[in-house]
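Some notes on the structure that comes next.
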Ligand code: DGL
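Numbering (my numbering), first residue to last: 1 to 272.
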């Protein structure tokens, strides 16, 4: 099998493009095939069984596209579906939770880490599990921030209202004394400036997109799956429904060259 096959990246919608940006910066020779489930976004408020079923369908579609590895560029999907995907997929798979947990444990001094994310991610307890595997004595404070995704999708990245919501969500975490905050949602790196402003220099931000890209690089090296040098990389974007205005928000904020967007039908299991 050729190593010049693309890396498949899957997200519930457009937010995973933050991971694509990190992958393009770190691995410019690699081709990326991005599949966003815009027909069924958001995943963050849905039940674990639904998110798992959607994730299996989307990753099957990526395997059919001939990808060499799959990146789950969605915290909600990584949190609930990764263990099943690791067992069932025919290609190696990387999620965003473990790389984020590793970076947070490396960054904290007072061993008190905050996690923000969608309801699905926080409720799964996946970050706590990953953090405690690395350091059983670590203190963890979590907060669901369901309003942040719609504000980001609206493009309100620099806005007083967004700043107020951030302050309200983060205030308890700051009061509890976290010195490191994991951005446990692939949308949140788009708010990095507003979050840094709200938290000041004392709290370190862990961006799961960048750490996930490093984990992909390590996996490609370990499995000898790096594309031959001299190959030019690129990005192909496919969505399960028409893109909305958030695609433009993400493209402009991330300076990504997206080109033509393709449509894919969500697979339906064959009737028995
Ligand atoms: N991209 C999702 C995540 O990282 C957030 C959007 C959603 O709720 O689907 O959790």
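The beta-carbon is built from N, C-alpha and C at its ideal position, and this holds for glycine as well.
Residue ranges of each beta strand (DSSP E) within the stretch 50 to 96, 3 or longer: 69 to 72
Counted within 10 angstroms of its Cβ, other Cβ atoms place residue 75 as buried (16 or more) or exposed: Its Cβ being crowded by 16 or more others within 10 Å, residue 75 is buried.
Helix, strand or coil at residue 43 [DSSP, three-state]: In the structure shown, the three-state DSSP call for residue 43 is coil.
Separation of residue 88 from residue 153, as counted between CA atoms: 32 Å
Beta-carbon proximity of residue 97 to residue 7, cut-off 9 Å: no
Heavy atom of the ligand DGL within 8 Å of residue 120 beta-carbon: Because some heavy atom of the ligand DGL lies under 8 Å away, the Cβ of residue 120 counts as near it: yes.
C-beta atoms of residue 115 and residue 128 nearer than 9 Å: yes
Selection from 217, 244, 145, 250 that minimises the alpha carbon distance to residue 172: 145
Of the listed residues 82, 233, 251, 204, nearest to residue 4 (C-alpha basis): 233
Any non-hydrogen atom of the ligand DGL within 8 Å of residue 75 CB: yes
DSSP beta-bridge partners of residue 356: Any answer about residue 356 is impossible in this case: the structure gives the chain only from 1 up to 272.
Of the listed residues 182, 16, 23, 169, nearest to residue 43 (C-alpha basis): 16
Residue 18, buried or exposed, once every other Cβ within 10 Å from all chains shown has been counted against 16: buried
Own chain residues within Cβ distance below 6 Å of residue 105, not counting five before or after: 134, 135
Ordered list of alpha helix (DSSP H) runs contained in the stretch 124 to 185, each at least 4 residues: 126 to 134, 148 to 153, 160 to 176
Beta-bridge partners of residue 261, as assigned by DSSP: DSSP, once it has assigned bridges, lists 237 as partnering residue 261.
C-beta contact flag for residue 20 and residue 235 at 9 Å: yes
Closer than 8 Å: residue 135 CB and nearest the ligand DGL heavy atom: No, the ligand DGL has no heavy atom inside 8 Å of this Cβ.
Secondary structure of residue 248, DSSP reduced to three states: helix
Distance between beta carbons of residue 122 and residue 180, contact taken as under 8 Å: Between residue 122 and residue 180 the Cβ distance is about 16 Å, and since that is not below 8 Å, they are no contact.
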